[in-house]
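> Following the working numbering, the numbering of the sequence shown begins with 39 at its first residue and continues without gaps.
Idealized CB from N, CA, C, for every residue including glycine.
Take a look at this one; I'll ask things after.
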Amino acid sequence: MFRGQVSNATALSEIAQAHVGIIPHWRGEHCNTTVPNKLFDYMAAGLAVVTSDAAPLKRIVEACGCGLVYQDRDAADLAHALRRLRDATVRREAAMRGRAAVQTTYHWERDVERLLDVVGSVVAG
Numbered sequence: 039m040f041r042g043q044v045s046n047a048t049a050l051s052e053i054a055q056a057h058v059g060i061i062p063h064w065r066g067e068h069c070n071t072t073v074p075n076k077l078f079d080y081m082a083a084g085l086a087v088v089t090s091d092a093a094p095l096k097r098i099v100e101a102c103g104c105g106l107v108y109q110d111r112d113a114a115d116l117a118h119a120l121r122r123l124r125d126a127t128v129r130r131e132a133a134m135r136g137r138a139a140v141q142t143t144y145h146w147e148r149d150v151e152r153l154l155d156v157v158g159s160v161v162a163g
């Protein structure tokens with residue numbers, strides 16, 4: 039169901055009813071240089087992800103194996119990705135990989151470690 043914009047609280051509470059999280063961003067300067075939080079929200083919630091091929095989204099989804107990537111602005115390619123995720127086993131496996139990636143890599147504690155490593159190398163060198 040497509041409802042348009044809803045509050046963050048509503049969106050997060052309704053994720054539990056979803057089977058797939060979709061990120062239909064168009065490639066462009068903004069989307070090729072940022073990562074929307076919804077990607078990690080979907081992964082943490084145990085959803086398979088379908089995203090456009092905006093550079094950082096494609097990189098993360100393919101590296102984690104947490105979903106499928108389609109060519110931006112290509113409705114047929116988006117539909118193909120969604121059809122592939124009709125298979126509950128495929129969805130479940132992608133969702134499990136996404137949740138695992140959030141637990142091991144994509145979380146604030148890991149970001150703090152990376153930042154402290156960078157600061158430490160700058161101070162030392």
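DSSP three-state label for Ser45, please.
Coil, per DSSP.
> Which ranges would you report for the beta strand (DSSP E) in the stretch 89-127 if only whole runs of at least 3 residues count?
Entirely contained in the stretch 89-127, the beta strand (DSSP E) runs reaching 3 residues are, in chain order, 105-108.
> How long is the line joining the alpha carbons of Met134 and Ile98, rounded to whole angstroms?
Between Met134 and Ile98, the C-alpha separation is close to 15 Å.
> Can you tell me where the beta strand (DSSP E) holding Val58 begins and where it ends?
Taken as a continuous stretch (DSSP letters only), the beta strand (DSSP E) holding Val58 covers 58-61.
> Would you call the stretch 145-162 and the stretch 104-116 in contact, with 3 or more CB pairs under 8 Å?
Counting Cβ pairs under 8 Å, fewer than three are found: no touch.
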